[in-house]
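Have a look at the structure below, then the notes.
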Amino acid sequence: MENVTKSVNVTLAHTLADGNCFLHAVALQLNETPNTMQAYEFLMKAIETESRRNKNHYRNFIDENSGRLDLLVHKYLHNNIYDYAAGDLIPQIISNALQKPIHIYSERDGGIWKTIVQPTMPRNINKLLVHLKDYHYSALIKEKMHPLIKRQRPDD
């Protein structure tokens, strides 16, 4: 991961392992609010709004045996229950809600894999960077981007 952090000039910022680590990783990168807790709450509201507004679109990706989209999203956001039916849609819902692509760098099989989640109709070229290792997400923060977080290099 050190090669990735150096090549894109970012620092790995560890996140809370509470079941919503992906939300925390994205929230650390939002400039809409002055602190990370407000950004996290902003993000939760954006996910609820986007999933309701475009529920017919997202329903196409959920097996009918998995349950209702609104209940799955609620369990994910408020009960920290990562149900794969809705949980795997969360990056796409966030990308669409924020109109920003999300680049996910995963460490697996001895290598680094990059997945890009694109919004349906992107209007913003700023991307969000996320790191995934052992089913836990952390943020990849641009140097000098967020003065409130404690930065940690991957080799620390």
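The numbers in this note's numbering rise by one with no breaks, and the one at position 11 of the sequence shown is 11. Note that the Cβ used here is the ideal one computed from N, Cα and C, for glycine as well. Given the structure is predicted, the values throughout are model-derived calculations rather than measurements.
Residue i and residue j closer than 8 Å at C-beta
| i | j | result |
| --- | --- | --- |
| residue 141 | residue 11 | yes |
| residue 58 | residue 93 | yes |
Three-way DSSP call (helix, strand, coil) for residue i in this model
| i | result |
| --- | --- |
| residue 137 | strand |
| residue 97 | helix |
| residue 12 | strand |
| residue 115 | strand |
| residue 72 | helix |
| residue 132 | strand |
| residue 107 | strand |
| residue 62 | coil |
| residue 4 | helix |
Chain-order list of residues whose beta-carbon lies under 6 Å from that of residue i (same chain, five-residue window excluded)
| i | result |
| --- | --- |
| residue 21 | 15, 136, 137 |
| residue 46 | 97 |
| residue 86 | 72, 73, 76 |
For residue i, the first and last residue of its enclosing alpha helix (DSSP H)
| i | result |
| --- | --- |
| residue 51 | 36-53 |
Best match in the options for proximity to residue i [C-alpha to C-alpha]
| i | options | result |
| --- | --- | --- |
| residue 91 | 7, 18, 26, 5 | 26 |
| residue 8 | 66, 114, 43 | 114 |
Close Cβ partners of residue i (< 7 Å) along its chain, the five nearest in sequence each way excluded
| i | result |
| --- | --- |
| residue 89 | 58, 61 |
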